[in-house]
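J.: Could you have a look at this structure, given as structure tokens, before my questions?
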Amino acid sequence: GESVGLHLPTLSVQEGDNSIINCAYSNSASDYFIWYKQESGKGPQFIIDIRSNMDKRQGQRVTVLLNKTVKHLSLQIAATQPGDSAVYFCAENIYYNQGGKLIFGQGTELSVKP
Amino acid sequence: DTGVSQNPRHKITKRGQNVTFRCDPISEHNRLYWYRQTLGQGPEFLTYFQNEAQLEKSRLLSDRFSAERPKGSFSTLEIQRTEQGDSAMYLCASSLDGDSGNTIYFGEGSWLTVV
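Structure, rendered in structure tokens:
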């Protein structure tokens, strides 16, 4: 299943399928991007990050793709599990390694059907 | 547990009262951030510290809000004369300045309900 982030804030997939969550970021000067997972009533949990000098980074069952030309970020989750159900936020940061604020996107709610 | 710790986790207060939240960052993290999150929205930046210095404040941080990090370790966020619009989750996060990057880790948040 695939979402367009801001336009489709809810994504529903079957257990075992791959999920793709999309995010359009706002600032062409942003050079660091993070995906967070947030379960109900909890704080955002770091999933994976990527710097602007990369276009792909892989973690355990997750892959982040960055397309700077169109300012687009995606999170791919392989073999989606019920425990992946949560809201996923992308966040952008200017001046990697210099601190400063993260700017968060709207978020996409992922619902995994058993 | 060595993550970011926040307390209290939940606070219900009457309008007009003052409230204070505490955040203990991950040990040795020199940067500390405060964010606010309302239902259905992403976290919004409020302010951040590098060690004890408050380096940036959002326009969301009205004069009723004050944050401190006196010794460069834990931080407090105080809201004076609370209003119903202050009801939200207040998130603290921390990161370490270093070559490995600036991964920002969040705490579990402090829920504020103003009645």
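Top to bottom, those sequences are chains A and B. Per our numbering, numbering through the first sequence is continuous, rising by one, with the last residue being 255. Per our numbering, numbering through the second sequence is continuous, rising by one, with the last residue being 888. The beta-carbon is built from N, C-alpha and C at its ideal position, and this holds for glycine as well. Computed from a predicted model, the values in this text were never measured in an experiment.
1. So what's N824/B in DSSP terms, helix, strand or just coil?
2. Which two residues bound the contiguous beta strand (DSSP E) that contains Y173/A?
3. Determine whether the Cβ of N875/B lies closer than 8 Å to any Cβ atom of chain A.
4. Counting only Cβ pairs nearer than 7 Å, list the residues of chain A close to L864/B.
5. Could you run through the segment 837-850 of chain B and flag, in chain order, every residue whose CB is less than 8 Å away from some CB of chain E?
6. Go to I235/A, then tell me how far its beta strand (DSSP E) extends in each direction, as first and last residue.
7. Just checking: is the beta-carbon of P816/B within a distance shorter than 8 Å of some beta-carbon in chain A?
8. Can you give, in chain order, each stretch of the beta strand (DSSP E) that sits fully within the segment 839-876 of chain B and has at least 3 residues?
9. Pair every Cβ in the segment 164-172 of chain A with every Cβ in the segment 223-237 of chain A, then say whether three or more of these pairs are closer than 8 Å.
10. Looking at the secondary structure, which residues open and close the beta strand (DSSP E) in which Q186/A lies?
11. Which whole-angstrom value describes the C-beta separation of P150/A and T249/A, a residue pair presumed to lie in contact below a C-beta threshold of 8 Å?
12. What are the start and end residues of the beta strand (DSSP E) that includes R809/B?
13. Run down chain B in chain order and give the residues with a C-beta less than 7 Å from the C-beta of Q199/A.
14. Closer than 8 Å, CB to CB, is E801/B near chain A or not?
15. Check whether the Cβ of L152/A lies closer than 8 Å to any Cβ atom in chain B.
16. If we count Cβ pairs, one from each stretch, closer than 8 Å, do we get three or more for the segment 825-839 of chain B versus the segment 203-221 of chain A?
17. Under 8 Å, Cβ to Cβ, is there at least one residue of chain A near E856/B?
18. Quick check on L149/A: does DSSP put it in helix, strand or coil?
19. Listed in chain order, which residues of the segment 161-172 of chain A have Cβ atoms closer than 7 Å to some Cβ of chain B?
20. So what's G248/A in DSSP terms, helix, strand or just coil?
21. Interface residues of chain B around Q247/A at Cβ under 8 Å?
22. How big is the Cα-Cα spacing for L147/A and N159/A?
T.: Looking at the atomic coordinates:
1. coil
2. Note, Y173/A: beta strand (DSSP E), S171 to Q179.
3. yes
4. G184
5. In the structure shown, chain E does not exist; the protein chains are A and B.
6. A227 to I235
7. Yes, because at least one Cβ of chain A sits closer than 8 Å to the Cβ of P816/B.
8. 848-852 and 861-868
9. At 8 Å Cβ cutoff, the stretches touch.
10. Q186 to R192
11. 6 Å
12. R804 to Q810
13. The contact set of Q199/A on chain B, defined by CB atoms closer than 7 Å, is empty, because the minimum CB distance reaches about 17 Å.
14. no
15. no
16. no
17. no
18. Note that L149/A scores 47 on pLDDT, short of 50, meaning its location in the model is unreliable and no value can be drawn from it.
19. none
20. coil
21. Q814 and G815
22. Residue confidence for L147/A is low, a pLDDT of 42 falling below 50, so the modelled location carries little weight; the figure read from the coordinates is stated next. Rounded to whole angstroms, L147/A to N159/A spans 20 Å at the Cα level.
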